[in-house]
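Trainee:
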Amino acid sequence: MSEVMTDFGISETLKVLGIKEKNSGASTGSHWFATRGEEIHSYSPVNGELIATVHSATEAEYEAVILKATEAFKVWRKVPAPKRGEIVRQMGEELRKYKNELGKLVSYEMGKSYQEGLGEVQEMIDICDFAVGLSRQLHGLTMHSERPNHRMYEQYHPLGIVGIISAFNFPVAVWSWNSMLAWICGDVCIWKPSEKTPLCAIACQNIITDVLKKNDVPEGVSCVIIGDRNIGEMMSHDKRVPLVSATGSTRMGKAVGKAVGERLGRSLLELGGNNAIIISEHADLEMAMLAVIFGAVGTAGQRCTTTRRLIIHESIYESVKAKLKAAYSHLRIGNPLDQNNHVGPLIDKHAVSLYENALKEAEKEGGKVLVAGGVLSGEGYESGCYVKPAIIEAKNHFKIVQEETFAPILYIMSYKTIEEAIELQNGVVQGLSSAIMTLNMREAERFLSVEGSDCGIANVNIGTSGAEIGGAFGGEKETGGGRESGSDAWKAYMRRQTNTINYGNQLPLAQGIKFDI
28 MSEVMTDFGI SETLKVLGIK EKNSGASTGS HWFATRGEEI HSYSPVNGEL
78 IATVHSATEA EYEAVILKAT EAFKVWRKVP APKRGEIVRQ MGEELRKYKN
128 ELGKLVSYEM GKSYQEGLGE VQEMIDICDF AVGLSRQLHG LTMHSERPNH
178 RMYEQYHPLG IVGIISAFNF PVAVWSWNSM LAWICGDVCI WKPSEKTPLC
228 AIACQNIITD VLKKNDVPEG VSCVIIGDRN IGEMMSHDKR VPLVSATGST
278 RMGKAVGKAV GERLGRSLLE LGGNNAIIIS EHADLEMAML AVIFGAVGTA
328 GQRCTTTRRL IIHESIYESV KAKLKAAYSH LRIGNPLDQN NHVGPLIDKH
378 AVSLYENALK EAEKEGGKVL VAGGVLSGEG YESGCYVKPA IIEAKNHFKI
428 VQEETFAPIL YIMSYKTIEE AIELQNGVVQ GLSSAIMTLN MREAERFLSV
478 EGSDCGIANV NIGTSGAEIG GAFGGEKETG GGRESGSDAW KAYMRRQTNT
528 INYGNQLPLA QGIKFDI
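Numbering-wise, the working numbering puts 277 at position 250 of the sequence shown, and it's gapless, one number per residue.
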């Protein structure tokens, strides 16, 4: 391994998390396969250095994992839900032990700041805590029957195998949102992580291995299979996987949704966002600035909830522009493990190309540069993945503004009335997160009303990013419609069954139908 990785204790972190120079790409729990697929090289966007290599899984190894998961489900579904919850609680304790190391790996392999890496692991811990309580509350409703001496109720049963396809930008949290809930529901999980961040997945599996062993959890309850898009395609077409939860681009989600839909399976899609903040003339501007700047540049603009559009009331437009320009001049860009820096790198050079192309397209369509972007080079920027956050005055109808670019580019525009602002906010095909900054109660309530934001997340006086695990997370339109994490998102991982019990000595038919023999 490269000596560069000794910076910020990375070498020791890899050792603690069980990451080797060459790693297997498939596991059913404590067992790792000797995978024979092509090598996946994980390079850090922080410094461009090779971190480690993973042998990807083949179709035969995918099949072996599926068979093991199928066997495991027959056992796991019969474990009482509160006992499954206790196992998840223990996983949360292991994550607490390794929070710093896993947060550091997330930062180093993905490029987000160390603080954001720690925050992502904290989300995992939080969802474990949430799932423990939920394991005693997987309840349905009881209904009154129209027939005498009858009882009606509904109950929820596990589905079976849950396929989890996660994206690079949240390389560990998205897995936990799905798996912890699926496990307490009685499902087994097969995780196909992004091939851009495979080491984070290996680390997660290693962290929970002792818990699986200690509790005699069968092999196949927690599976990881690393590979390219072919693995995801196999999973999407596989009738033995009743639910596929996929997080990523809208293009990917449409492919998954089509494949799963053709076999009438279930898909839970968490796709792109083109999120906007409306800044009213009644806003607390100091609060608004912090929300906008973190929303726009956090994770270098690579969150699905990143603030990409800013809709500002015309009376304060020039003032907000000046504040933004001044604030951006203080942003520090560099190694995300250095806590003095605000902005880390993009994930790879392909992402950099998309960023550069978006800047060109915005200007070509008539956008006016307020804060210039550009790729950074020189000492500390050797990976070629560091870019400057940019701000462009644009129109909402610009083709490039209508698209989601995973980079720190903020498009700003003005509005006259709250009706116009909401129309601009809703005027994109994505519908994930939205926010309004205002101290005016009528504006806030209108934004949250049926004629307000059409997004799955609508906030008042906070930004578009940084959702808590207690709420259902997801969006509408081309964001996919799926919901993960809190509230009653657990129902997606179960099948609902309605039960009617006749405890009398007569057999009356529903709707008063007479049928005499």
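Cβ atoms here follow ideal geometry from the backbone N, Cα and C, with glycine treated the same way.
Since this is a predicted model, take the numbers as computed values, not measurements.
With a threshold of 8 Å, are at least 3 pairs of Cβ atoms found where one atom belongs to the segment 166-185 and the other to the segment 523-530?
Mentor: Output reads yes: the segment 523-530 touches the segment 166-185.
Trainee: Suppose the cutoff is 6 Å on Cβ atoms and the five residues either side in sequence are ignored; what does the same chain contact list for A494 look like?
Mentor: Here the set comprises F500.
Trainee: If you drop the 5 nearest sequence neighbours on each side, which residues of the same chain put their C-beta closer than 7 Å to that of A158?
Mentor: Closer than 7 Å at Cβ, skipping near neighbours: G112, V115, M207, L208 and I211.
Trainee: Mapping the DSSP letters down to three states, classify S272 as helix, strand or coil.
Mentor: Reduced to three states, the DSSP call for S272 is strand.
Trainee: Looking at the strands, I want to know which residues DSSP matches up with Y438.
Mentor: Answer by DSSP bridge pairing, in chain order: R336 and I419.
Trainee: Inspect the CB distances between the segment 271-283 and the segment 96-109 and report whether three or more fall short of 8 Å.
Mentor: They do not touch, by the three-pair rule.
Trainee: Should I154 and I496 be called a contact, given that it needs their Cβ atoms to be closer than 8 Å?
Mentor: Against a cut-off of 8 Å, the Cβ pair of I496 and I154 comes out as a contact.
Trainee: Under 8 Å: do the segment 337-353 and the segment 434-443 share three or more Cβ pairs, one atom per stretch?
Mentor: Segments in contact, yes.
Trainee: Note the first and the last residue of the continuous beta strand (DSSP E) segment covering P6.
Mentor: Coverage of the chain is limited to positions 28 through 544, which leaves residue 6 absent and any answer about it impossible.
Trainee: Helix or strand or just coil, what does DSSP make of N196?
Mentor: Coil.
Trainee: Quick one: Cα of F425 to Cα of E388, how far?
Mentor: Whole-angstrom Cα-Cα distance: 9 Å.
Trainee: Find out if the Cβ-Cβ distance for the pair Q362, G407 is shorter than 8 Å.
Mentor: In the sequence as presented, Gln is not what sits at residue 362; that position holds Asn. Their beta carbons are under 8 Å apart, which means N362 touches G407 by this criterion.
Trainee: If you pair each beta-carbon of the segment 461-480 with each one of the segment 302-318, do three or more pairs fall below 8 Å?
Mentor: Yes, the segment 461-480 touches the segment 302-318.
Trainee: Shorter than 7 Å, the distance from the beta carbon of G288 to the closest heavy atom of the ligand PLP, or not?
Mentor: Absence of the ligand PLP is noted for the structure shown, with no ligands found whatsoever.
Trainee: Going by C-alpha to C-alpha distance, which of E90, D156, G146 and T40 sits closest to G513?
Mentor: Measuring from the Cα of G513, the nearest candidate turns out to be D156.
Trainee: Checking 8 Å against the spacing of the C-beta atoms, do H82 and G36 come in under that value?
Mentor: Going by C-beta atoms, H82 is not nearer than 8 Å to G36.
Trainee: Taking one C-beta from the segment 228-248 and one from the segment 42-57 each time, how about it: are there three or more such pairs within less than 8 Å?
Mentor: Yes: the two stretches touch, three or more of their Cβ pairs being nearer than 8 Å.
Trainee: Who are the near neighbours of S69 in its chain, counting only those whose CB is closer than 8 Å to its CB and skipping five residues on each side?
Mentor: The answer, listed in chain order, is L77, I78, A79, T80, V81, E136, K223, T224, P225 and L226.
Trainee: Please tell me whether G490 and V319 are closer than 8 Å, where the distance is taken between their beta carbons.
Mentor: Yes; because the gap between Cβ atoms is below 8 Å, this pair is in contact.
Trainee: Going by C-alpha to C-alpha distance, which of G498, G130, N423 and L358 sits closest to I449?
Mentor: Cα-wise, what sits closest to I449 is N423.
Trainee: Is it buried or exposed, P198, if we count other Cβ atoms within 10 angstroms and call 16 or more buried?
Mentor: Flag for P198 reads buried.
Trainee: Could you tell me which uninterrupted alpha helix (DSSP H) segments, each at least 4 residues in length, are contained entirely in the segment 346-392, listed from first to last along the chain?
Mentor: Taking only runs of at least 4 residues, the alpha helix (DSSP H) segments lying wholly in the segment 346-392 are 376-391.
Trainee: Under the three-state reduction of DSSP, which class applies to N257: helix, strand or coil?
Mentor: N257: helix per DSSP, three-state reduction.
Trainee: Taking V487 as the reference, give the member of D311, R256 and P185 with the closest Cα.
Mentor: Nearest option by C-alpha distance: D311.
Trainee: When DSSP labels each residue in this structure, what does G490 get in the three-state scheme?
Mentor: Here G490 sits in coil by DSSP.
Trainee: Cutting at 7 Å between CB atoms, please list the residues of its own chain near F195, excluding the five before and the five after it.
Mentor: M137, S221, K223, T224 and I374, listed in sequence order.
Trainee: Grab me the residues of A84's own chain with a C-beta within less than 8 Å of its C-beta, minus the 5 sequence neighbours each way, in chain order.
Mentor: G52, A53, F60, T62, G64, V92, I252, I253, G254 and I258, listed in sequence order.
Trainee: If we cut at 8 Å on Cβ distances, does A61 have a partner in chain C?
Mentor: The chain labelled as chain C is not found in the depicted structure, where only one protein chain is given.
Trainee: Please list the terminal residues of the continuous alpha helix (DSSP H) segment that includes E5.
Mentor: As displayed, the chain neither begins before 28 nor continues past 544, which places residue 5 out of reach and without an answer.
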